[in-house]
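Quick note on my numbering: the sequence shown kicks off at 2 and runs consecutively.
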Amino acid sequence: MNCPKCGRKVAEGMAYCANPACGAVLEKPRPAEPEIKTGKEARLSNFVSLARLAAFVLAALAFLYRHFFTGR
Ligand SMILES: [Zn+2]
């Protein structure tokens, strides 16, 4: 790629232009940002975390039940 300011050829991945007289900050192609979940996806995500919580609570209850009622 070339520096957008001075036009000098710049190596890929450089954060700044190699030309000391220029020193322009080069824009890098950003990694894809995580998409903000909206609407249906957010609700689905909430449902999944609720289901996980419920499964955890049930497992904990089952453990406590066995611990207290069959452990004698
Ligand atoms: Zn430059």
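Using N, Cα and C, we set each Cβ at its ideal position, and we do this for glycine too.
Query: At a cut-off of 6 Å, would you count residue 56 as near ligand 1, judging by its Cβ distance to the nearest heavy atom?; Result: no
Query: Expressed to the nearest angstrom, what Euclidean distance is found between the alpha-carbon atoms of residue 66 and residue 41?; Result: 37 Å
Query: For residue 49, is the classification buried or exposed, using 16 other Cβ atoms within 10 angstroms of its Cβ as the cut-off for buried?; Result: exposed
Query: Just how far apart, CA to CA, sit residue 2 and residue 36?; Result: 28 Å
Query: Could you give the distance in angstroms between the alpha-carbon of residue 54 and the alpha-carbon of residue 45?; Result: 14 Å
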